[in-house]
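Numbering (this note's numbering), first residue to last: 561 to 1039.
Here's what the structure looks like:
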């Protein structure tokens, strides 16, 4: 449910914010729908996207979300103080609008694995949604679950011994699915909302891979009872600032410790089965399709790919936000060139019946990226590049080269990331240690070693290694 509020409430500028009432369900007369969705990865994007869509469904009163945090409990603790309510601030060029979202009815520390298992095992629970970041699926360069990764191996040891709670999102989900199996609660849909190509398949392989490594019977149950829905998700959602919190207080007349700022644009494309039911997300604009790959690739290559290119090239050139980077002619040209390569390899989507409207999509992206009122920080986008580039740059590079073209624009994105990895004060990546060691090498040996961490096939191509090495000295990649 939502309560729209677009006009400012006059408040005494001299009064302290503490004098305002805190957002809660009594204040907004917001009843709690029953928990039927469990979410892993409580953060700003989930609240501006899946929770927003659920709150705008015509049957929202039937679908409550229990959302679990990832590494830290802070978001759950803050949201719990407000009975799960929060404000979505839609920030357009012409001003802000405000809406209270009430679909999250329980906010829980992700470390409370017993509560997660209890909720997933409940017969009323029909869906588990995931926003756990691309890196959390622990895929190796071959696209398969890396059971030798230290945190995955640690979770497997805990699951096998029964002596502790798993610490990764995958481990926690597998533990909870085991509880559902034991309770005989029936089938369930797992909906991946992370920016991965074929993300439903990725989630299936990761979950069943971990389940099989622990208990073959559980893996068989998951295969028979869990559907894995693929999605393409889109809504630019920057980090919330103190100024955003103050803006909500001034406009709405209440205190909200967990508002979310987002662009007005929303998009959600889904493909897959919901054996235990789902909300009417289509009422809020969600689209259900038989073939999602063209939509995934359009989003991953054009939007996410441009974001990554701007994140690395922009920061190397001293920019801090997407809008600032796009206003830089060097970065703008690099993005347009990459889009040209990506578009050339998206045109075959028409064969599947998908109308991707790519020219209009590109124009809309330019407008969205240029919204200076959305301070989408490049440092936020730059994290986990070794995983992201595998989905955003490598497919375009390989497709271009398969057509006899150089793929120089996609290679430029990788070159910018390599230079960024060596120069950034803080470099967040699941392979940060390996990248750091590779950066101690020189010349093409350095490039080949770093590329191998992203995609071994690309690293084995001498022409690609030479292409990327040559781009390291250009202005867009930090020369």
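In this text, a Cβ means the ideal position worked out from N, Cα and C, and glycines have one as well.
Remember, it's a predicted structure, so these values are computed and weren't measured experimentally.
Contained beta strand (DSSP E) runs [length at least 3] in the region 573-643, N- to C-terminal order: 595-600 and 624-628
Distance check for residue 622 and residue 616, CA to CA, integer angstroms please. 12 Å
According to the Cβ coordinates, are residue 834 and residue 787 closer than 8 Å? yes
List the endpoints of the continuous beta strand (DSSP E) containing residue 647. Where residue 647 is concerned, the enclosing beta strand (DSSP E) stretches over 646-652.
Status (buried if at least 16 other CB within 10 Å, exposed otherwise) for residue 631: Looking at its Cβ environment, which holds fewer than 16 other Cβ atoms inside 10 Å, residue 631 is exposed.
Is the region 942-958 in contact with the region 919-933, if contact means three or more CB pairs nearer than 8 Å? With fewer than three CB-CB distances shorter than 8 Å, the region 942-958 does not count as touching the region 919-933.
If you count every other CB in all the chains shown that lies within 10 Å of the CB of residue 859, and 16 or more means buried, which is it? buried
Straight-line Cα distance separating residue 1001 from residue 1035: 22 Å
Which residues in the same chain have their Cβ closer than 7 Å to the Cβ of residue 602, if we skip the five residues on either side of it in sequence? 627, 628, 629, 635, 636 and 667
Please give me, in chain order, every unbroken run of the alpha helix (DSSP H) with length at least 4 that falls completely inside the region 706-738. Correct list: 710-721.
For residue 599 versus residue 689, is the C-beta spacing smaller than 8 Å? For the pair residue 599 and residue 689, the CB atoms are nearer than the 8 Å cut-off.
Can you tell me whether DSSP reads residue 698 as helix, strand or coil? coil
What number of angstroms, rounded off, separates the C-alpha of residue 910 from the C-alpha of residue 916? Since pLDDT at residue 910 reaches only 48, below the 50 mark, its modelled position is unreliable, and the value read off the structure follows with that caveat. Taking the straight line joining both Cα atoms gives about 8 Å.
Mind pulling the alpha helix (DSSP H) runs of 4 or more residues that sit fully within the region 775-840? 776-785 and 802-812
Suppose the cutoff is 7 Å on Cβ atoms and the five residues either side in sequence are ignored; what does the same chain contact list for residue 814 look like? 580, 581, 582, 583 and 587
How long is the line joining the alpha carbons of residue 772 and residue 803, rounded to whole angstroms? 48 Å
Excluding the 5 residues flanking residue 718 on each side, which residues of the same chain have their C-beta closer than 6 Å to its C-beta? 724 and 726
Are there 16 or more other CB atoms within 10 angstroms of the CB of residue 704, so buried, or fewer, so exposed? exposed
According to DSSP, is residue 760 part of a helix, a strand, or is it coil? helix
Please name the residue, chosen from 827, 790, 769 and 805, that lies closest to residue 796 on a Cα-to-Cα basis. 827
Near residue 990, which residues of its chain fall below 7 Å by C-beta distance, leaving aside the five closest residues on each side in sequence? 695, 944, 946 and 947
For residue 667, the three-state DSSP class (helix, strand or coil): Here residue 667 carries a strand assignment [DSSP, helix/strand/coil].
List the DSSP bridge partners of residue 1088. Given a span of 561 to 1039 for the chain in the structure shown, any question on residue 1088 remains unanswerable.
Can you give me the start and stop residues for the beta strand (DSSP E) that residue 658 sits inside? 655-661
State the CB to CB distance for the pair residue 754 and residue 692, rounded to an integer number of angstroms; the pair is presumed to be in contact (CB under 8 Å). 6 Å
Can you tell me the Cα-Cα spacing of residue 1037 and residue 897, whole angstroms? 14 Å
Alpha helix (DSSP H) containing residue 1026: first to last residue? 1022-1031
Proximal residues to residue 563 (C-beta, below 6 Å), its chain only, five neighbours per side dropped: Residue confidence is low: residue 563 scores 43 on pLDDT, short of 50, so the model does not pin down where it sits. Its coordinate-derived value is still stated next. Around residue 563: 588 and 660.
Is the CB-CB distance between residue 1047 and residue 751 below 8 Å? Because the chain here runs from 561 to 1039, residue 1047 falls outside it and cannot be looked at.
Quick one: does residue 706 have its CB under 8 Å from some CB of chain B? Looking at the structure shown, chain B is missing, and only one protein chain is on hand.
Count Cβ pairs between the region 672-685 and the region 950-958 that sit closer than 8 Å; are there 3 or more? no
Alpha helix (DSSP H) segment containing residue 993, residue limits: 992-998
Name the DSSP beta bridge partners of residue 986, please? According to DSSP, residue 986 bridges with nothing at all.
Would you report the Cα separation of residue 1003 and residue 963, rounded to the nearest angstrom? 28 Å
Between residue 766 and residue 737, how many whole angstroms is the CB-CB distance? I'm expecting something under 8 Å. At roughly 12 Å, the Cβ-Cβ gap does not stay under 8 Å, so residue 766 and residue 737 are not in contact.
Whole angstroms is fine: what's the gap from residue 985's alpha carbon to residue 875's? 11 Å
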